[in-house]
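Remarks on the structure that follows.
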Amino acid sequence: MPVCVSRGRSIVLHSILLLRSSWSQPEMMLTPYIRRGSNASINKFEEKPPKQAFQNGSGPLYLKPLGPRAHAHLLKTPPKGPSRKSLFTAFNSVEKGRQKNPRSLCIQTQTAPDVLSTERTLELADYKTKCENQSGFILHLKQLLSCGNTKFEALTVVIQHLLSEREEALKQHKTLSQELVSLRGELVAASSTCEKLEKARNDLQTAYEGFVQKLNQQHQTDQTELENRLKEFYTAECEKLQSIYIEEAEKYKTQLQEQFDNLNAAHETTKLEIEASHSEKVELLKKTYETSLSEIKKSHEMEKKLLENLLNEKQESLEKQINDLKSENDALNERLKSEEQKQLSREKANSKNPQVMYLEQELESLKAVLEIKNEKLHQQDLKLMKMEKLVDNNTTLVDKLTRFQQENEELKARMDRHMAISRQLSTEQAALQESLEKESKVNKRLSMENEELLWKLHNGDLCSPKRSPTSSAIPFQSPRNSGSFSSPSISPR
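Here the sequence shown stands for residues -24 to -1, 1 to 469, where the numbers follow mature numbering (1 follows the signal peptide of the UniProt record, and there is no 0).
See the structure below:
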């Protein structure tokens, strides 16, 4: 487009210079004819004048009138020598005089042949000079007509070239306007999609926050319900165990006396073994629980740090993009200002030549429109790339969030399991400690009762040696009967 306009501009300037030079030449050529003759103009000859014959004895002399020429009305030059009208009037007057008095002419021709011959020669010489002058004038007119035709053809070529350039410019303007309309429609569609995506993102954020709050509330409620259920379950089981324990204690009271000797020997060994195994189990469980807790905390902290780093990187990248866009906007504003200043300077310089100034203005406006369109297209491409990146990042973040939520739920389930196991172990440990204390108390009481019975037996033998066998049988049965009041043995658990 700018190459075509520059070529057209050079052609127009060249044609204007040719026209100026060509119009200056015919004026110089016409000046002698204008000075010689009076004010007369050459008009179009629509009707050919008749041929006029002059008879002067020897033969008729025919004068050919000038034929019509194309574009003769454009040139206003007086003829060289006498005008045609005066010549025609002179010839007509001579013919009329000959027709009126032919006898006088015959007499004159007979009486004075010498005079006629001299007059004819003079007239012929005059006519020859006039014909030569007219032929030269005709040649000059032909040259002027050829020059005018060439100029007119040059003007037509220039005008056709300008019209073709104007049509091309109009076509390009139409195409550019259509492209502008399509680009505007695309921009509106892109802006609407951006708004929809922003709304969807906001809706997703709000839904995610509400979902997280609901999950937290459900988790808290489930935790409280589980604690209450566990408390109720443990209380019920404790009551059941106590009732079963009492029943079994009542059952095994009769067997304790027989097993008392064996229990006293094996009790201490079993007690030490149970305490050692229980302490080892408790330590192992504590270690496993602490290691699992530390691993879970470390993984949670690492994931948290990774998410924070990702957020910081995204914020920094967005800030960099905003700064780049601001700098580009400032640079574009500076370019626009410089182009406006250049346009003002060009307008001042080309104020003398309006056609060139108009063409330059159109050129500059087209350049500015093209630059603006290119910049808009570049910005739209950048925006689309950013939106695609944001959508990909959003999907990846959503996937990571779901994965982390699942892992968090699994970890919470593990924690709940570990807590339940630790509670069960603590309850079992407490029950075992209580049973051990009760058994130790029962053993102490039984040992005291045995010692009392033995002391009574020894004292009874020393004080009353003549006791009947019935009386002596009763104290031997007393320790068995006293064993019925002792506490139960260790439960099968």
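Ideal Cβ placement from N, Cα and C applies to all residues, glycine included.
Given the structure is predicted, the values throughout are model-derived calculations rather than measurements.
Roughly how many whole angstroms lie between the Cα atoms of H149 and S167?
Between H149 and S167, the C-alpha separation is close to 26 Å.
Would you grab the beta carbon distance between L206 and R379 for me? Rounded to a whole angstrom, and I think it's under 8 Å.
Their Cβ separation, rounded to whole angstroms, is 30 Å, which puts L206 and R379 out of contact at 8 Å.
Let me know if Y184 comes out buried or exposed under the rule of 16 or more other beta-carbons within 10 Å of its beta-carbon.
Exposed, by the Cβ-count rule.
Local Cβ density within 10 Å of Y221, reported as buried at 16 or more and exposed below that:
So Y221 ends up on the buried side.
Decide yes or no for the touch test of the segment 156 to 175 against the segment 342 to 356: beta carbon pairs closer than 8 Å, at least 3 of them.
Result yes; three or more Cβ-Cβ pairs closer than 8 Å.
Buried versus exposed, by CB contacts within 10 Å (16 or more), E338
Result: exposed.
With distances taken from CA atoms, which of T403, K273 and K362 is nearest C170?
Minimum Cα-Cα distance from C170 among the listed residues T403, K273 and K362 corresponds to K362.
Can you give me the Cβ contacts of Q193 inside the same chain, cut-off strictly under 7 Å, excluding the 5 residues immediately before and after it?
If the five residues before and after Q193 are omitted, its C-beta is found closer than 7 Å to no C-beta atom of its own chain.
Length of the line joining the Cα atoms of V134 and N125:
Straight through space, the alpha carbons of N125 and V134 are spaced by roughly 14 Å.
Have a look at L217 and E284 and give me their C-alpha separation to the nearest angstrom.
Cα to Cα, L217 sits roughly 52 Å from E284.
Considering only C-alpha positions, which residue in the set Q291, L138, L92 and T230 is nearest to L422?
Nearest C-alpha to L422: T230.
Considering only their Cβ atoms, is the gap separating K257 from E412 smaller than 8 Å?
With the sequence shown as reference, residue 412 is identified as Leu, and Glu is not the correct amino acid for it. Not in contact: L412 and K257 (Cβ atoms no closer than 8 Å).
Assuming K263 contacts N369 (C-beta within less than 8 Å), just tell me the rounded distance between them.
Contact doesn't hold; Cβ gap of about 41 Å is too wide.
Do R272 and L377 have their C-beta atoms closer together than 8 Å?
The question names Arg, but residue 272 in the sequence shown is Ile. No, the pair does not count as a contact, with Cβ atoms beyond the cut-off.
Which same chain residues end up closer than 7 Å to E279 when comparing Cβ atoms and leaving out the 5 residues on each side of it in sequence?
Contacts found: F380.
Can you give me the Cβ contacts of V374 inside the same chain, cut-off strictly under 7 Å, excluding the 5 residues immediately before and after it?
For V374, where only same-chain residues beyond five positions count, there are no Cβ hits under 7 Å.
Can you give the Cα-Cα distance for N288 and T372, rounded to whole angstroms?
So the two alpha carbons sit approximately 16 Å from each other.
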